[in-house]
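**Q**
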Amino acid sequence: MLADYEAVPTLAVQDLQRARNFYEGVLGYAPKGDGPGEVRYPSGSGWFLVYQSSYAGTNKATALSLQVRPDAFDAEVAALRAKGVTFQTFEMDGITWDDGVASMGDQQRAAWFEDPDGNILNIEAGLSG
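Using the working numbering, the first residue of the sequence shown is number 534, and each one after it goes up by one.
Next up, the structure:
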């Protein structure tokens, strides 16, 4: 069964060095493995892949969601802002916005942003799985 295997998010980028500058310099990831036109980043108990593609940035939905502890959410948002990350807002029922941060009820908060190729990422807290 496929559900028995680890799912790996993959993000297409146009310029691998520019992507590395963002994922390593801005988001703080350390690479663990390179291949031709790709780099792998461990994240929590899993990992994700960034690879070079001419289709980079064509997905207009969230490509990677990073789950953070609720007590760390505000500090992570502040750290991203300090590194020049700007957050997106959009219209959706059930979301209230405060300075680029979405609240969905009393427990869940999230913020969306783009990498240099337009891949949409977000950080969120309070989502129970």
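Note that beta-carbon positions come from the ideal geometry of N, C-alpha and C, so glycine has one too.
Computed from a predicted structure; not experimentally measured.
Using 8 Å for Cβ pairs, my map puts I653 next to A596. What's the rounded Cβ distance?
**A** Here residue 653 is taken as the residue at index 120 of the sequence shown, counted from 1. Here residue 596 is taken as the residue at index 63 of the sequence shown, counted from 1. Yes, I653 and A596 are in contact; Cβ-Cβ is about 6 Å, under 8 Å.
**Q** Going by CA-CA distance only, name the one from P564, V572 and G566 that's closest to T543.
**A** Sequence index remark: in the sequence shown, residue 543 carries index 10 (1-based). Checked all of P564, V572 and G566; the closest Cα to T543 is V572.
**Q** Are the CB atoms of L549 and G570 nearer to each other than 8 Å?
**A** By one-based count along the sequence shown, residue 549 stands at place 16. By one-based count along the sequence shown, residue 570 stands at place 37. Yes, these two residues count as a Cβ contact at 8 Å.
**Q** Out of Y588, G566, E647 and A643, which has the shortest C-alpha to C-alpha gap to D617?
**A** The residue labelled residue 617 in the question sits at position 84 within the sequence shown. Per the sequence shown, residue 617 should be read as Gly rather than Asp. Ranking the options by Cα distance to G617, first place goes to E647.
**Q** Can you have a look at F623 and say buried or exposed, based on whether 16 or more other CB atoms are within 10 angstroms of its CB?
**A** The residue you call residue 623 lines up with position 90 of the sequence shown. When all chains shown are included, F623 counts as exposed.
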